[in-house]
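Student: Protein sequences, first through last, are from chains E and R. Per our numbering, residue 382 is the first one in the first sequence, and the count goes up by one each step. Per our numbering, residue 382 is the first one in the second sequence, and the count goes up by one each step. Dropping a structure here in structure tokens format, bear with me for questions.
There are 2 protein chains.
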Amino acid sequence: MEADLYAPFRNDLLRAGLLVDEGVDGLYGRSSTYESVASAIVRLTTDTGSEDHATSYHFPPVVPRRLLVQTDYLKSFPDLTGSVHTFKGDDRLHAELLALVDSGADWSPVLQPADVVMRPAACHPLYPLCTGRLPEAGRRFEVHGWCFRHEPSLDPARMQAFRMHEFVYVGDPDGAVAHRDRWLERGTAMLEGLGLDVEVVVANDPFFGRVGKVLAANQLDEALKLEFVTPICSADFPTAITSVNCHRDHFGLTFDIRSADGEVAHSSCFAVGVDRTTLALLHTHGLDPERWPQAVRNRLWP
Amino acid sequence: MEADLYAPFRNDLLRAGLLVDEGVDGLYGRSSTYESVASAIVRLTTDTGSEDHATSYHFPPVVPRRLLVQTDYLKSFPDLTGSVHTFKGDDRLHAELLALVDSGADWSPVLQPADVVMRPAACHPLYPLCTGRLPEAGRRFEVHGWCFRHEPSLDPARMQAFRMHEFVYVGDPDGAVAHRDRWLERGTAMLEGLGLDVEVVVANDPFFGRVGKVLAANQLDEALKLEFVTPICSADFPTAITSVNCHRDHFGLTFDIRSADGEVAHSSCFAVGVDRTTLALLHTHGLDPERWPQAVRNRLWP
Numbered sequence: 382m383e384a385d386l387y388a389p390f391r392n393d394l395l396r397a398g399l400l401v402d403e404g405v406d407g408l409y410g411r412s413s414t415y416e417s418v419a420s421a422i423v424r425l426t427t428d429t430g431s432e433d434h435a436t437s438y439h440f441p442p443v444v445p446r447r448l449l450v451q452t453d454y455l456k457s458f459p460d461l462t463g464s465v466h467t468f469k470g471d472d473r474l475h476a477e478l479l480a481l482v483d484s485g486a487d488w489s490p491v492l493q494p495a496d497v498v499m500r501p502a503a504c505h506p507l508y509p510l511c512t513g514r515l516p517e518a519g520r521r522f523e524v525h526g527w528c529f530r531h532e533p534s535l536d537p538a539r540m541q542a543f544r545m546h547e548f549v550y551v552g553d554p555d556g557a558v559a560h561r562d563r564w565l566e567r568g569t570a571m572l573e574g575l576g577l578d579v580e581v582v583v584a585n586d587p588f589f590g591r592v593g594k595v596l597a598a599n600q601l602d603e604a605l606k607l608e609f610v611t612p613i614c615s616a617d618f619p620t621a622i623t624s625v626n627c628h629r630d631h632f633g634l635t636f637d638i639r640s641a642d643g644e645v646a647h648s649s650c651f652a653v654g655v656d657r658t659t660l661a662l663l664h665t666h667g668l669d670p671e672r673w674p675q676a677v678r679n680r681l682w683p
Numbered sequence: 382m383e384a385d386l387y388a389p390f391r392n393d394l395l396r397a398g399l400l401v402d403e404g405v406d407g408l409y410g411r412s413s414t415y416e417s418v419a420s421a422i423v424r425l426t427t428d429t430g431s432e433d434h435a436t437s438y439h440f441p442p443v444v445p446r447r448l449l450v451q452t453d454y455l456k457s458f459p460d461l462t463g464s465v466h467t468f469k470g471d472d473r474l475h476a477e478l479l480a481l482v483d484s485g486a487d488w489s490p491v492l493q494p495a496d497v498v499m500r501p502a503a504c505h506p507l508y509p510l511c512t513g514r515l516p517e518a519g520r521r522f523e524v525h526g527w528c529f530r531h532e533p534s535l536d537p538a539r540m541q542a543f544r545m546h547e548f549v550y551v552g553d554p555d556g557a558v559a560h561r562d563r564w565l566e567r568g569t570a571m572l573e574g575l576g577l578d579v580e581v582v583v584a585n586d587p588f589f590g591r592v593g594k595v596l597a598a599n600q601l602d603e604a605l606k607l608e609f610v611t612p613i614c615s616a617d618f619p620t621a622i623t624s625v626n627c628h629r630d631h632f633g634l635t636f637d638i639r640s641a642d643g644e645v646a647h648s649s650c651f652a653v654g655v656d657r658t659t660l661a662l663l664h665t666h667g668l669d670p671e672r673w674p675q676a677v678r679n680r681l682w683p
């Protein structure tokens, strides 16, 4: 069933050489044509947010291990996490490791956790930088780069490693809501300007397990996170390519961030799924960007 | 001793806001100024190799787990590897995981290996794509992106997560040597054009353990890999910022790659350390790229 739904577009992408199968579900190399679209989306997102005068940071694809606990990610999405382990032994343990490898056994028990884990969302490394008292206007950040979620799938839009581009606000509650609402407008204009048929829906994140069912129900009730969905592999099951999310005081409490008046800071963000938006464009306008509508090309490559 | 050597430049970079300390040795956020230099180096490297008419691929920061074994990386550099693990349990195991986290214990034994590991070198995912018979002229690739090596250090030039930009040849033995030698020339011209004081030395990779001592001695004897070194933190201990490496039939044998005449293929590569070259420029010309020599600026931002 899953394979049937995703196979046609996935095979189109592979045959056209836009994606290269690396032999693990959800892991692909990208061609230079694919990358030219992805880079253009990053540039367009930066331009769309230029009025924010945001501070731009680039973080690596791994983050400090403690962030996974502090952000509650390990509570809510344990099955999506990636914990990085390494070898810290001597010659003898190394011989054991290689013997396990040779016998085809699981060699991971010989390893020990490193100080880093895969970055689950682009904005996570920002919040520890904000600990303390914020200026009156709050702070605005732009951040983009590689994220990881362990969810092996045949859906080309559900990659294990993908790029996310975010504009983040940290400050007072009104500012956080205003940031989200402004980006709801800007995001709509940006995606519609690319000829994408988007609909805004309340997000429904895949919280883990029994407790997760309650968290998911709360998320729907409170409608703090909204997603822009568009058909990629199926008109019946459109894919979220971009989102706006009001975190309330979640990060403010965890990282002891205070707004100028001394209250616990609120935050919100706008997040573009760079790879998903690339795929949405390839689905909507065809596999050859040279033949896309001129208006779309002009926005991507002005 | 280590701290003394690296502290002055590291503190300069942090104070200037070019790097942001993430609280783990060798893990940094980068400012937009730093990134503008890194991006310029990537563009210049692409331009320098334009005559290669290479096929360009972009791979994620994680690669299939089996690559770590197939490339012998786990044999030679086990202590540098990053193996990605995730949670595959049910509600009950999740409760155990969270209890471990709450008690401050190591929660990693609850995890299981994922199908991916951190990418140790930019070119590794290329070789499985070459299995089979190559065309007469061999194949040329350009590849760049995030790599990971677990080597926590106070040396800002020894980052755990960093970018590498490579030009790779896969074909016959003569072609592999010619590729290396051509890039030895091009690399020298490119780095000297940036006003960097580079010296070419035989590489001395940190092979692991007792067996590693033999491998390291062989590497020195055979002089197959050469590095461009330049002072970053110390004139006495210059840093390798770029290298050329002849792999002989290492990848050809492992991935069953044959040149046009049916022999086991040879390969070689030119690899630019994007972050190390950025740091070398900041060390050589000062922390403000706006004030760098005009000739250097013209090459980076033509």
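Glycine residues also receive a C-beta, built at the ideal position from the N, C-alpha and C atoms. Quick caveat: nothing in here was measured; it's all calculated off a predicted structure.
Going by DSSP, what residues sit across from A542(E) in a beta bridge?
Tutor: Locating residue 542(E) in the first sequence gives position 161, where the first residue counts as 1. For A542(E), which the question treats as bridged, DSSP gives the partners F529(E).
Student: Can you name the start and end residues of the beta strand (DSSP E) that G654(R) belongs to?
Tutor: Residue 654(R) sits at position 273 when you count from the first residue of the second sequence. That run of the beta strand (DSSP E) goes 647 to 654.
Student: So is R591(R) in contact with chain E if we call contact Cβ pairs under 8 Å?
Tutor: Your numbering for residue 591(R) matches position 210 in the second sequence. True, the Cβ-Cβ gap to chain E drops below 8 Å.
Student: What do you reckon, are the CB atoms on R561(E) and C627(E) nearer than 8 Å?
Tutor: Position 180 of the first sequence, counted from the first residue, corresponds to residue 561(E). Position 246 of the first sequence, counted from the first residue, corresponds to residue 627(E). Cβ atoms of R561(E) and C627(E): closer than 8 Å.
Student: Please report the straight-line C-alpha distance between D433(R) and L425(R), rounded to a whole angstrom.
Tutor: Against the second sequence, residue 433(R) aligns to sequence position 52. Against the second sequence, residue 425(R) aligns to sequence position 44. Distance between the alpha carbons of D433(R) and L425(R) is about 14 Å.
Student: Ordered along the chain, which non-local residues of its own chain (more than five positions away) have a Cβ less than 7 Å from that of A570(R)?
Tutor: Mapped onto the second sequence, residue 570(R) falls at position 189. Excluding sequence neighbours, A570(R) sits near nothing in its chain.
Student: Taking the CB atoms as reference points, tell me whether G643(R) and V465(E) lie closer together than 8 Å.
Tutor: Taking the first residue of the second sequence as position 1, residue 643(R) is located at position 262. Taking the first residue of the first sequence as position 1, residue 465(E) is located at position 84. In this structure, V465(E) does not lie closer than 8 Å to G643(R) by Cβ.
Student: Would you call the region 515 to 531 of chain E and the region 392 to 406 of chain E in contact, with 3 or more CB pairs under 8 Å?
Tutor: Flag = no, the region 515 to 531 of chain E and the region 392 to 406 of chain E do not touch.
Student: Closer than 7 Å to a non-hydrogen atom of the ligand FMN - does that hold for the CB of E477(R)?
Tutor: The ligand content of the structure shown is nil, which means the ligand FMN is not present either.
Student: Cutting at 7 Å between CB atoms, please list the residues of its own chain near A557(R), excluding the five before and the five after it.
Tutor: Start at 1 with the first residue of the second sequence, and residue 557(R) comes out as number 176. Contacts found: Y550, C627, H647, S648, S649.
Student: Select from F636(R), G667(R), L660(R), D385(R) the residue whose C-alpha is nearest the C-alpha of L515(R).
Tutor: Sequence index remark: in the second sequence, residue 515(R) carries index 134 (1-based). It is F636(R) whose Cα lies nearest to the Cα of L515(R).
Student: Compare the C-beta of A527(E) with all C-beta atoms of chain R and state if any pair is closer than 8 Å.
Tutor: Locating residue 527(E) in the first sequence gives position 146, counting from the first residue. For the record, residue 527(E) in the displayed sequence is Trp; it is not Ala. Cβ-Cβ to chain R under 8 Å: yes for W527(E).
Student: Residues in the region 459 to 473 of chain E with C-beta within 9 Å of chain R's C-beta atoms, listed in sequence order?
Tutor: Those would be P459, D460, L461, T462, G463, S464, V465, H466, T467, F468, K469, G470, D471, D472, in chain order.
Student: Using a Cβ cut-off of 7 Å, pull out every chain R residue sitting near V482(E), in sequence order please.
Tutor: Residue 482(E) sits at position 101 when you count from the first residue of the first sequence. Neighbours of V482(E) on chain R, chain order: V450, L455.
Student: How many whole angstroms separate the CB atoms of V666(E) and W673(E), which I take to be in contact at a CB cut-off of 8 Å?
Tutor: Numbered from 1 along the first sequence, position 285 holds the residue referred to as residue 666(E). Numbered from 1 along the first sequence, position 292 holds the residue referred to as residue 673(E). The residue asked about is misnamed: residue 666(E) is His in this sequence, not Val. So it is a contact: roughly 4 Å between Cβ atoms.
Student: Skipping 5 residues on each side, what residues in its chain have a beta carbon closer than 7 Å to that of G398(R)?
Tutor: To locate residue 398(R), count along the second sequence from 1; it is residue 17. Result list for G398(R): S412, in chain order.
Student: By the criterion of Cβ-Cβ separation under 8 Å, what are the contact partners of A388(R) in chain E?
Tutor: By one-based count along the second sequence, residue 388(R) stands at place 7. Ordered by position in chain E, no residue passes the 8 Å Cβ test against A388(R), which lies about 20 Å from the chain.
Student: S412(E) by DSSP, collapsed to three states: which one?
Tutor: Locating residue 412(E) in the first sequence gives position 31, where the first residue counts as 1. Strand, per DSSP.
Student: How long is the line joining the alpha carbons of H531(R) and R521(R), rounded to whole angstroms?
Tutor: As a first step, residue 531(R) is located in the second sequence; it is residue number 150 there, counting from the start. As a first step, residue 521(R) is located in the second sequence; it is residue number 140 there, counting from the start. Taking the straight line from one Cα to the other gives about 29 Å.
Student: Taking 8 Å as the CB-CB limit, is M571(R) close to chain E?
Tutor: Translated into the one-based positions of the second sequence, residue 571(R) becomes position 190. Closer than 8 Å: no.
Student: By Cβ distance below 6 Å, which residues in the same chain neighbour D630(E) in space, the five residues on each side in sequence not counted?
Tutor: For the purposes of this step, residue 630(E) is taken as the residue at position 249 of the first sequence. These residues qualify, in order along the chain: V645, H647.
Student: Give the straight-line distance between the Cα atoms of Y670(E) and P533(R), rounded to the nearest whole angstrom.
Tutor: Numbered from 1 along the first sequence, position 289 holds the residue referred to as residue 670(E). Numbered from 1 along the second sequence, position 152 holds the residue referred to as residue 533(R). A small correction: the amino acid at residue 670(E) is Pro; Tyr does not occupy that position in the sequence shown. Computed Cα separation, rounded: 42 Å.
Student: Would you say G574(R) reaches chain E, if we count a Cβ-Cβ gap shorter than 8 Å as a contact?
Tutor: Position 193 of the second sequence, counted from the first residue, corresponds to residue 574(R). So no, G574(R) is outside the interface.
Student: Would the region 444 to 451 of chain R and the region 470 to 483 of chain R be scored as touching if the rule is three or more Cβ pairs under 8 Å?
Tutor: Not touching, per the Cβ criterion.
Student: Tell me the DSSP secondary structure of A584(E) in three-state form.
Tutor: Position 203 of the first sequence, counting from 1, holds the residue named residue 584(E). Residue state, collapsed to three classes: coil.
Student: Put L386(E) into one of helix, strand or coil per three-state DSSP.
Tutor: Here residue 386(E) is taken as the residue at index 5 of the first sequence, counted from 1. If DSSP states are grouped into helix, strand and coil, L386(E) belongs with the helices.
Student: Can you tell me whether S615(E) is buried or exposed, with buried defined as 16 or more other CB within 10 angstroms of its CB?
Tutor: Here residue 615(E) is taken as the residue at index 234 of the first sequence, counted from 1. By the 10 Å Cβ count, S615(E) comes out exposed.
Student: Within its chain, find whatever has a CB closer than 7 Å to the CB of L596(E); leave out the 5 residues flanking it on each side and keep chain order.
Tutor: Locating residue 596(E) in the first sequence gives position 215, counting from the first residue. Cβ neighbours of L596(E) beyond the five flanking positions: S457, F588.
Student: Using a Cβ-Cβ cut-off of less than 8 Å, give me the residues of the region 494 to 514 of chain R that come near chain E, in sequence order.
Tutor: Going along the region 494 to 514 of chain R in chain order, one finds P494, A495, D496, V497, M499, P506, P509, L510 with a Cβ nearer than 8 Å to chain E.
Student: Taking D472(E) as the reference, give the member of D460(R), G633(R), H475(R) with the closest Cα.
Tutor: Locating residue 472(E) in the first sequence gives position 91, where the first residue counts as 1. When only C-alpha atoms are compared, the closest one is D460(R).
Student: Taking the C-alpha atoms as reference points, what is the distance between V497(R) and A518(E)?
Tutor: Counting from one through the second sequence, the residue named residue 497(R) turns up at place 116. Counting from one through the first sequence, the residue named residue 518(E) turns up at place 137. Distance between the alpha carbons of V497(R) and A518(E): 42 Å.
Student: Taking the alpha-carbon positions, what's the A559(R) to S624(R) distance?
Tutor: Here residue 559(R) refers to the residue found at position 178 when the second sequence is read from its first residue. Here residue 624(R) refers to the residue found at position 243 when the second sequence is read from its first residue. Their Cα atoms are separated by approximately 15 Å.
Student: Evaluate R591(R) with the Cβ neighbour count: other Cβ atoms within 10 Å of its Cβ, from every protein chain shown; 16 or more gives buried, anything less gives exposed.
Tutor: Residue numbering aside, residue 591(R) sits at position 210 when the second sequence is read from its first letter. Burial call: exposed.
Student: I need the DSSP call for V443(E), collapsed to helix, strand or coil.
Tutor: The count along the first sequence starts at 1 and reaches residue 443(E) at position 62. DSSP places V443(E) in strand when its eight states are reduced to three.
Student: On the premise that F440(E) lies in contact with G410(R), defined as a C-beta separation below 8 Å, what is that separation, rounded to the nearest angstrom?
Tutor: Taking the first residue of the second sequence as 1, we reach residue 410(R) at position 29. Taking the first residue of the first sequence as 1, we reach residue 440(E) at position 59. Contact holds; Cβ gap of about 5 Å.
Student: Which residues in chain R have a C-beta closer than 9 Å to the C-beta of V401(E)? List them in chain order.
Tutor: Along the first sequence, one-based indexing puts residue 401(E) at 20. Per Cβ cutoff of 9 Å: Y438, F440, P506, L510.
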